[in-house]
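This report refers to the structure that appears directly beneath it.
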Amino acid sequence: MDAKLQKFQGTVAKSSVPLLRLMDELLHNKLDGTTPNVNKLLADAGDVLRMLSSAFCDMSHKRKELIKPDLHYSFQSLCSPQNKVTDLLFGDDLSAKVKNIADAQQM
1 MDAKLQKFQG TVAKSSVPLL RLMDELLHNK LDGTTPNVNK LLADAGDVLR MLSSAFCDMS
61 HKRKELIKPD LHYSFQSLCS PQNKVTDLLF GDDLSAKVKN IADAQQM
């Protein structure tokens, strides 16, 4: 578990590098009165977003992994990394997934 948390922490830490570059560029532009290089700023902002998105996904998968042992065995498949994470941990269609599992159990 610690290795996964270290990976998450490392991803978040790495995302600070392009964020600091972005802030540095904007500060220099403000002090020098120069026009910012919009393409460079957008590239750095995109890097930050990609790294934080990766960290979010990693943390969501870890949360599901930690929840899995507490679920009834029939529903543990909901914790699979293949189940897409949205803004909701188990995805937008959790009730449909639960119903499908329950229906399959009754057969």
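Reminder that position 75 of the sequence shown reads as 75 in the working numbering, one-by-one numbering, no gaps. Ideal Cβ positions, reconstructed from N, Cα and C, are used throughout, including at glycine. Source: prediction; values computed, not measured.
Is there contact here, the segment 39 to 56 with the segment 13 to 20, by at least three beta-carbon pairs under 8 Å? yes
Three or more C-beta pairs closer than 8 Å, one from the segment 31 to 38 and one from the segment 4 to 16: is that the case here? no
Whole-angstrom distance between ALA13 and MET59, CA atom to CA atom: 14 Å
At which residue ranges does the segment 11 to 86 contain complete alpha helix (DSSP H) runs of 4 or more residues, listed in the order of the chain? 38 to 67
Among PHE90, LYS40, ASN100, SER80, the one whose alpha carbon lies nearest that of LEU22: LYS40
Is the Cβ-Cβ distance between LYS68 and LEU89 less than 9 Å? no
Nearest CA to the CA of SER77: which residue from ASP93, ILE101, CYS57? ILE101
Could you spell out where the alpha helix (DSSP H) holding LEU94 opens and where it closes? It spans 94 to 106 - the alpha helix (DSSP H) in which LEU94 sits, taken as one unbroken run.
So what's PHE90 in DSSP terms, helix, strand or just coil? coil
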